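Asker: Dropping the structure in here first, questions after.
Number of protein chains: 4
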Amino acid sequence: MTEQTGTQTPIELRSDNAAGVAPEILDAIARANTGSALAYGGDAVTEELHTVVQEVFEHPGARVFPVTSGTAANALAISAITPPWGAVLCHESAHILNAEGGATSLLGAGAVVKGLAGANSLIDPASLQAALDATRWGDPHHSQPSVLSFTQPSDRGAIYTPSELSELTAIAKTRDLRVHLDGARLANAVAALDCAPADVTWRAGVDVLSLGATKNGAISSEAIVAFDERIAAELVYRTKRAGHVMSKMRFQSAQLIAYLTDGLWLRLAANSNARMGELVGGLAALEPYGVRLTNRPDVNLAFVELPEAAADALESADVRYYRLGVERARFVTSWQTTADEITGVLGRLASALVSDRPSSTAQ
Amino acid sequence: MTEQTGTQTPIELRSDNAAGVAPEILDAIARANTGSALAYGGDAVTEELHTVVQEVFEHPGARVFPVTSGTAANALAISAITPPWGAVLCHESAHILNAEGGATSLLGAGAVVKGLAGANSLIDPASLQAALDATRWGDPHHSQPSVLSFTQPSDRGAIYTPSELSELTAIAKTRDLRVHLDGARLANAVAALDCAPADVTWRAGVDVLSLGATKNGAISSEAIVAFDERIAAELVYRTKRAGHVMSKMRFQSAQLIAYLTDGLWLRLAANSNARMGELVGGLAALEPYGVRLTNRPDVNLAFVELPEAAADALESADVRYYRLGVERARFVTSWQTTADEITGVLGRLASALVSDRPSSTAQ
Amino acid sequence: MTEQTGTQTPIELRSDNAAGVAPEILDAIARANTGSALAYGGDAVTEELHTVVQEVFEHPGARVFPVTSGTAANALAISAITPPWGAVLCHESAHILNAEGGATSLLGAGAVVKGLAGANSLIDPASLQAALDATRWGDPHHSQPSVLSFTQPSDRGAIYTPSELSELTAIAKTRDLRVHLDGARLANAVAALDCAPADVTWRAGVDVLSLGATKNGAISSEAIVAFDERIAAELVYRTKRAGHVMSKMRFQSAQLIAYLTDGLWLRLAANSNARMGELVGGLAALEPYGVRLTNRPDVNLAFVELPEAAADALESADVRYYRLGVERARFVTSWQTTADEITGVLGRLASALVSDRPSSTAQ
Amino acid sequence: MTEQTGTQTPIELRSDNAAGVAPEILDAIARANTGSALAYGGDAVTEELHTVVQEVFEHPGARVFPVTSGTAANALAISAITPPWGAVLCHESAHILNAEGGATSLLGAGAVVKGLAGANSLIDPASLQAALDATRWGDPHHSQPSVLSFTQPSDRGAIYTPSELSELTAIAKTRDLRVHLDGARLANAVAALDCAPADVTWRAGVDVLSLGATKNGAISSEAIVAFDERIAAELVYRTKRAGHVMSKMRFQSAQLIAYLTDGLWLRLAANSNARMGELVGGLAALEPYGVRLTNRPDVNLAFVELPEAAADALESADVRYYRLGVERARFVTSWQTTADEITGVLGRLASALVSDRPSSTAQ
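Each protein sequence line maps, in turn, to chains A, B, C and D.
Here the first sequence stands for residues 64 to 426, where the numbers follow my numbering.
Here the second sequence stands for residues 64 to 426, where the numbers follow my numbering.
Here the third sequence stands for residues 64 to 426, where the numbers follow my numbering.
Here the fourth sequence stands for residues 64 to 426, where the numbers follow my numbering.
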């Protein structure tokens, strides 16, 4: 353990949720504060947001519903495409299955969520096919698979390519499942793939999308984007009765416009991704000391095994990260993470590992 | 109709929801944007908010849950105090019964809402007593009254005094009903009554409160305040699974702290109330021209009958307000309304009435 | 009060629910108990039931779902024709609004039920029209009227004629409402009207029907009859996941077949109606003694005002009926009620009224 | 394939659900058809049922709620012991997870169901402990385990001993989970264990029980038995609002009384078990021909692998059973299965296997 505890500047790698608000987005809020405006989305800013989303996603029929949490975006989007007796298929590590307190079953009137297998938290097409094959279609004893929900990037930070997505959605559509994408970090995936947003959404078969902005620089601003008029028609009611239509929606819409304008969302995400690249590169050099990456870090998440004493030391050295077990850690970079911070983390970790060595062998 | 159409500055009286954000609150958001913070309320700002609420409401056990809409605050608060087979009693004009798309039944797992009568949209104690007397208690055919929800000020802008509230809650408690207050405009009531916030909440028998801030200068910021640990314990889960726990909650909490600090909420509300006082005073002078106030304007809402041609002319003169029928209008002042605007409205209305006169008599 | 208390045979007029099982129906159960059969409706008896229902209702596309309570039939039928954000319009005295513990909101995922006015517990067309006119269509703040549910006969024992029904459903269909009929006592209405079952159901615009049999001689056997394939397709799932698909369904289906075969249901109902006719005739003769009929007794229910002492005496004379207030009573005849019993009731009531007279005047 | 197709008497081994009604139970229905009785359980027969259940289960506080399906019994019982944000833990093969169309999530207001591992479809205590250890208690992102539900006998026909049950419930109670038992075939387990009903229910830590009777000789009659007054108090409302309170409940109660009186339920179950014992014994002799038992047949279910041609031939020989795959079959005996039928099945199977042999080897 180092003696610098408390004297170093803390470095935040717990979650991109812990980051602050991008200045462009804060400015947009302030700029929206002029004059009065109809509440509940009947304002000019929200109207403009529809146009921006249609342009960014190259889909003239897209409709957007600003909400304030990813759980709301996911559960409401899914509720509009599953009957209450449906089953929602997702990866067994998916946020909707493990980390939303049953929101999909609540807002989906009792619909259930089932996990599928696959490496890197990406759904394996064979696993999806097997789930469909095992279904007793039309037998009401059995929840009927009705939605495929995938997470892009996955909860372990891996990305589906557009063709991988299309393969999955094609399987799903053989049984008329609708497709939802949980895009809490969609910007990171689009930035990493350097593709059009449409390529990983509607062109790949996605019917409705949870578009995250909060983790990437906005204030509790997410959006549901529907690529189908019937889904949008339901969401008008579903968002309201779940308490997810903000009265001063223009301040939500203004954030999303700023986010999607001039590629800000992709620039912010590109920073997260680049910083993670530097971190991962540095970690590789520490393999001889017992540091091992356990995920495929396509975007801004790294899952790492490291010696317990080094993990303790890193914590003491004011590097903030999540410990998922005795020797397991998660590091997440954000739009705000700097190259200096990554250098700092790697330096503090190297110190910890080196200083840890002798004491380890002494035991 | 006047020829000035489009050349005058519009005056906003449709809704206090249409107003902007108070500068103190916008500043608070910007100030909160320093460093990183744990998501989902695990931050220092949200912790401070609990203390602020406990002080303002003089209740050391109060717990606060920031949400982003009044519908969310109401339906979630009520869901924590009613069993699914319960009936929620409120005034027949209440927002929860008429304007939340069934949110209470959704989040209350099928609980139902029933309207009671009473002048000025205030619940008549006799009506409450009659509803309780008519109940077949313990008979599962009949939804069991479990919650009394009142709106302070009422949907017609009238206020309950603390003793009126206590009378109602005392009746409710004879049958073990829990008590919810919809305080979307609570600041206006507290300012008008010049009482302690506790006097119209827990001291008057309220168990859980929807505290509005959005209509009075915040950005889609409301809060549930629970005065009972068991209610708070449920809300931890209920807010999350309904998608109402914002990840960057500190920006919500910062708004609420600014709102409740140094009496800002009451100063903002006092402005709305004072401007309404001026408007009502001016309208009284127009009675001879067919203008008639139809509610008791205790706070910032006026419901008015006026000649159709005058209503048209007022609209053309860029005064924005809601027309509820051919000759019925609603005017709402906000924290942002100025004395000059009230003067302007009254002037434009007087012009309209006068210019309308001849043509009326000509018919 | 008479001295015969306890020595007379009790006469049951509390409810047709209190009656026993018709011998033909009991026999049908026994006859169905041969061999084995696939569970959950995959049996030959249930298949035959579909044909019987199609014939009786003259609708080749009708599908039938046996359930075991009227609440189940109503709430499930309605859940298949309303979106969760819908409002179900019914008479303010309707069973679904007042006596099903919120079942429609539970199984309808938070849909709400609203009462309309009308004499004799029959919905007044003007009241329906007014409710539709007052709706802010497309505004998600407001539960959208989606279903018209009427009760035939009504909860006060009055009947809609086919043309009255058609008038109501025509109004409903101007706004695309679907139509549900609560036919807990449908046999009594059809018998009284001497019409075809189709005349008061699909030919009058009904989309889905709760067909009661329990009150009229079966064992907890009701059925949902859907006149639309899409409704039937939903009910396959909705019945199962609410626990309303009986595994040995053939015993339910056998009852319903017996009930609908050779007019048994109408003969049983005709007895109830005829006995009520006799009772009402006899009560008219007692008007001078303070007895007053307060409903229009089109079928087998009478609501009566009578002196308190007479009401007490009638109870003591082993006549079982419901007292709805100090001087208000409800009498219901059933398939099992005999002419002798009606004579007996009238006799005991006459005795009570006469013996009550002197003591009354002595006060 | 044999030439007798169609000429032999069919033998029913698909499901105990396919069996008929025991004569004692049919008689009880007929005997209950005397006089009139209050509806909805307010009758003397239902009152007697409470006493019978209290005696049979040796628990003076037990309350019983007759329902008409196992799905209703399970989902309603569980809904009374889980909060909406709870997770119900059961074996991954459990009926509530796989074969009730999401009923627990519907009636449990969005509660979720999670599967645990274990041989013979019996929950492994280590699997339960691991699930509890992995839970982030108090974190609302995560559905909180609130109920342990086990199936006795299991869906693969194996039995927990009383001490095995106690071990599981003791683990559950360390985290304050409530315990539900799905006893769709409880009689078979009690008969096989030759224990007191209390030994596998409340004495082993069960709070609420689904007591099956339908599979064992009744007409769609199941019951929820609550061993806790608070659970019973909720079920009064929960059963009604889900449409599961039959108006002529006495006919349900009469069946259950007959079932539980003088050990009828155990005699009927003992027959199923004994016939399965004979079947299993006979199958063992056919192992050389490729027949292999794949479950532990503690009660009346056998899961068997057998050559495809033999499976086809058995079907053609009018033995009714479920084919779960190409060479996998399920056989279920019932209260009605006779020793002759078992001899017949074994004979037909032996014929099929022998006649199949040459053709197999010829290939």
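Idealized CB from N, CA, C, for every residue including glycine.
Since we're looking at a predicted model, the values are computed, not measured.
Could you check whether the Cβ of Ala286 (chain B) sits closer than 9 angstroms to any Cβ belonging to chain A?
Answerer: In the second sequence, the residue the question calls residue 286 (chain B) occupies position 223. Not an interface residue.
Asker: Give me the residue from B:Val115, B:Phe394 and B:Ala102 with the minimum Cα distance to Leu377 (chain B).
Answerer: One-based indexing of the second sequence puts residue 377 (chain B) at position 314. Closest by alpha carbon: B:Phe394.
Asker: Mind pulling the chain D residues with CB within less than 8 angstroms of Arg304 (chain B)?
Answerer: Numbered from 1 along the second sequence, position 241 holds the residue referred to as residue 304 (chain B). Chain D residues near Arg304 (chain B): Pro147, Trp148, Gly173 and Pro203.
Asker: How would you call Asp325 (chain D), buried or exposed, if buried means at least 16 neighbouring beta carbons within 10 angstroms?
Answerer: For the purposes of this step, residue 325 (chain D) is taken as residue 262 along the fourth sequence, with counting starting at 1. That one is exposed.
Asker: Under 9 angstroms between the Cβ atoms of Glu285 (chain C) and Ser273 (chain C)?
Answerer: Translated into positions along the third sequence, residue 285 (chain C) becomes position 222. Translated into positions along the third sequence, residue 273 (chain C) becomes position 210. Going by C-beta atoms, Glu285 (chain C) is nearer than 9 angstroms to Ser273 (chain C).
Asker: Could you tell me which uninterrupted alpha helix (DSSP H) segments, each at least 4 residues in length, are contained entirely in the segment 278-363 of chain C, listed from first to last along the chain?
Answerer: Whole alpha helix (DSSP H) segments, 4+ residues: 292-304, 312-323 and 327-347.
Asker: Closer than 6 angstroms by C-beta to Leu409 (chain D): which residues in its own chain qualify, once you throw out the five before and the five after it? Chain order, please.
Answerer: As a first step, residue 409 (chain D) must be located in the fourth sequence, where it is residue number 346. Answer for Leu409 (chain D): Gly345, listed in chain order.
Asker: Please list the partners that Ala372 (chain B) has in chain C, where partner means a Cβ-to-Cβ separation under 8 angstroms.
Answerer: Locating residue 372 (chain B) in the second sequence gives position 309, where the first residue counts as 1. Those within 8 angstroms of Ala372 (chain B) in chain C number zero; the least Cβ separation is about 24 angstroms.
Asker: Going straight from the alpha carbon of Ala347 (chain C) to that of Val354 (chain C), what length do you get?
Answerer: Position 284 of the third sequence, counted from the first residue, corresponds to residue 347 (chain C). Position 291 of the third sequence, counted from the first residue, corresponds to residue 354 (chain C). Answer to the nearest angstrom: the Cα atoms are 8 angstroms apart.
Asker: When the cut-off is 9 angstroms and only beta carbons count, does Gln426 (chain D) lie next to chain C?
Answerer: Along the fourth sequence, read from residue 1 onward, the residue named residue 426 (chain D) stands at position 363. In this predicted model, Gln426 (chain D) has a pLDDT of only 38, less than 50, meaning its place in the structure is not dependable; the value taken from the coordinates is given anyway. Closer than 9 angstroms: no.
Asker: In whole angstroms, what is the alpha-carbon distance linking Val84 (chain D) and Val362 (chain D)?
Answerer: For the purposes of this step, residue 84 (chain D) is taken as the residue at position 21 of the fourth sequence. For the purposes of this step, residue 362 (chain D) is taken as the residue at position 299 of the fourth sequence. When rounded, the distance between both Cα atoms is 20 angstroms.
Asker: Let me know if Tyr384 (chain B) comes out buried or exposed under the rule of 16 or more other beta-carbons within 10 Å of its beta-carbon.
Answerer: By one-based count along the second sequence, residue 384 (chain B) stands at place 321. So Tyr384 (chain B) counts as buried.
Asker: How long is the line joining the alpha carbons of Gln426 (chain D) and Glu371 (chain D), rounded to whole angstroms?
Answerer: One-based indexing of the fourth sequence puts residue 426 (chain D) at position 363. One-based indexing of the fourth sequence puts residue 371 (chain D) at position 308. In this predicted model, Gln426 (chain D) has a pLDDT of only 38, less than 50, meaning its place in the structure is not dependable; the value taken from the coordinates is given anyway. Rounded to the nearest angstrom, the two C-alpha atoms are 14 angstroms apart.
Asker: Determine, for Arg168 (chain C), whether the minimum Cβ-Cβ distance to residues of chain B falls below 9 angstroms.
Answerer: One-based indexing of the third sequence puts residue 168 (chain C) at position 105. Position check: residue 168 (chain C) holds Ser in this sequence, whereas Arg was assumed. So yes, Ser168 (chain C) belongs to the interface.
Asker: Use the C-beta contact count for Trp200 (chain D): other C-beta atoms within 10 angstroms, 16 or more gives buried, fewer gives exposed.
Answerer: The residue given as residue 200 (chain D) occupies position 137 in the fourth sequence. Exposed, by the Cβ-count rule.
Asker: Would Arg301 (chain D) pass as an interface residue toward chain B - the criterion being a Cβ-Cβ separation below 9 angstroms?
Answerer: Taking the first residue of the fourth sequence as position 1, residue 301 (chain D) is located at position 238. For Arg301 (chain D), the answer is yes, since a Cβ of chain B falls inside 9 angstroms of its Cβ.
Asker: What residue from A:Leu256, A:Arg391, A:Asp375 and A:Gly388 has the CA that sits closest to Ser414 (chain A)'s CA?
Answerer: On the first sequence, position 351 is the one that residue 414 (chain A) refers to. Considering only alpha carbons, the answer is A:Asp375.
Asker: What do you reckon, is the C-beta of Gly181 (chain C) under 8 angstroms from a heavy atom of the ligand ATP?
Answerer: Within the structure as shown, the ligand ATP is missing, as the structure has no ligands at all.
Asker: With a Cβ-Cβ cutoff of 9 angstroms, do Ala157 (chain C) and Asp218 (chain C) count as a contact?
Answerer: One-based indexing of the third sequence puts residue 157 (chain C) at position 94. One-based indexing of the third sequence puts residue 218 (chain C) at position 155. Yes. Within cutoff.
Asker: Cutting at 7 angstroms between CB atoms, please list the residues of its own chain near Val119 (chain D), excluding the five before and the five after it.
Answerer: The sequence position of residue 119 (chain D) within the fourth sequence is 56, counting from 1. So the list reads Pro260 and Leu323, once near-sequence residues are dropped.
Asker: Does the beta-carbon of Ala373 (chain A) have 16 or more other beta-carbons within 10 angstroms, so that it is buried, or is it exposed?
Answerer: As a first step, residue 373 (chain A) must be located in the first sequence, where it is residue number 310. Burial call: buried.
Asker: Could you give the uninterrupted runs of the beta strand (DSSP E) lying entirely in the segment 100-165 of chain D, keeping only those of 3 residues or more?
Answerer: The segment 100-165 of chain D contains these whole beta strand (DSSP E) runs: 126-130 and 149-154.
Asker: Helix, strand or coil for Pro73 (chain D)? Go by DSSP, reduced to three states.
Answerer: The residue given as residue 73 (chain D) occupies position 10 in the fourth sequence. Of the three classes helix, strand and coil, the one that applies to Pro73 (chain D) here is coil, per DSSP.
Asker: Taking Ala392 (chain A) as part of the beta strand (DSSP E), name the residues at either end of that continuous run.
Answerer: For the purposes of this step, residue 392 (chain A) is identified with residue 329 of the first sequence, where counting begins at 1. That run of the beta strand (DSSP E) goes Arg391 to Val395.
Asker: Would you mind telling me which residues of chain D sit closer than 7 angstroms to Asn96 (chain C), beta carbon to beta carbon, in chain order?
Answerer: Your numbering for residue 96 (chain C) matches position 33 in the third sequence. Correct list: Gly83, Val84 and Leu89.
Asker: Could you tell me which chain B residues have their CB closer than 7 angstroms to the CB of Thr214 (chain A), listed as they occur along the chain?
Answerer: Translated into the one-based positions of the first sequence, residue 214 (chain A) becomes position 151. Under the 7 angstroms cutoff, chain B gives no residues; its nearest Cβ is about 16 angstroms from Thr214 (chain A).
Asker: Using the three-state DSSP reduction, which class does Gln192 (chain D) fall into: helix, strand or coil?
Answerer: On the fourth sequence, position 129 is the one that residue 192 (chain D) refers to. Three-state DSSP puts Gln192 (chain D) in a helix.
Asker: Among residues of its own chain, excluding the 5 on either side of Ala309 (chain C), which ones have a beta-carbon nearer than 6 angstroms to its beta-carbon?
Answerer: On the third sequence, position 246 is the one that residue 309 (chain C) refers to. Going by the sequence as given, residue 309 (chain C) is Met instead of Ala. Contacts found: Gln315.
Asker: Provide the residue span of the beta strand (DSSP E) that contains Ser212 (chain B), from first to last.
Answerer: As a working note, residue 212 (chain B) is residue 149 in the second sequence. It spans Gln207 to Thr214 - the beta strand (DSSP E) in which Ser212 (chain B) sits, taken as one unbroken run.
Asker: Which same chain residues end up closer than 7 angstroms to His205 (chain A) when comparing Cβ atoms and leaving out the 5 residues on each side of it in sequence?
Answerer: Residue numbering aside, residue 205 (chain A) sits at position 142 when the first sequence is read from its first letter. Cβ neighbours of His205 (chain A) beyond the five flanking positions: Thr198 and Arg199.
Asker: So, helix, strand or coil for Gly410 (chain A), using DSSP?
Answerer: Position 347 of the first sequence, counted from the first residue, corresponds to residue 410 (chain A). In the structure shown, Gly410 (chain A) sits in a helix (DSSP, three-state: H, G or I).
Asker: Can you tell me whether Leu179 (chain B) is helix, strand or coil according to DSSP?
Answerer: Here the question's residue 179 (chain B) lines up with position 116 in the second sequence. Correct three-state label for Leu179 (chain B): strand.
Asker: Taking C-alpha atoms, which residue in A:Ser379, A:Leu416, A:Val389 and A:Trp398 lies nearest to Thr72 (chain A)?
Answerer: Taking the first residue of the first sequence as position 1, residue 72 (chain A) is located at position 9. Out of A:Ser379, A:Leu416, A:Val389 and A:Trp398, A:Ser379 has the C-alpha closest to the C-alpha of Thr72 (chain A).
Asker: Taking the C-alpha atoms as reference points, what is the distance between Met339 (chain A) and Thr97 (chain B)?
Answerer: Against the first sequence, residue 339 (chain A) aligns to sequence position 276. Against the second sequence, residue 97 (chain B) aligns to sequence position 34. Spanning the two alpha carbons is a distance of roughly 22 angstroms.
Asker: Hey, out of A:Pro129, A:Ala102, A:Val116 and A:Leu89, whose CA is closest to Arg301 (chain A)'s CA?
Answerer: Your numbering for residue 301 (chain A) matches position 238 in the first sequence. It is A:Pro129 whose Cα lies nearest to the Cα of Arg301 (chain A).
Asker: From Pro146 (chain C) to Gly171 (chain C), what does the alpha carbon distance come to, in whole angstroms?
Answerer: In the third sequence, counting from the first residue as 1, residue 146 (chain C) sits at position 83. In the third sequence, counting from the first residue as 1, residue 171 (chain C) sits at position 108. The alpha-carbon atoms of Pro146 (chain C) and Gly171 (chain C) are separated by roughly 7 angstroms.
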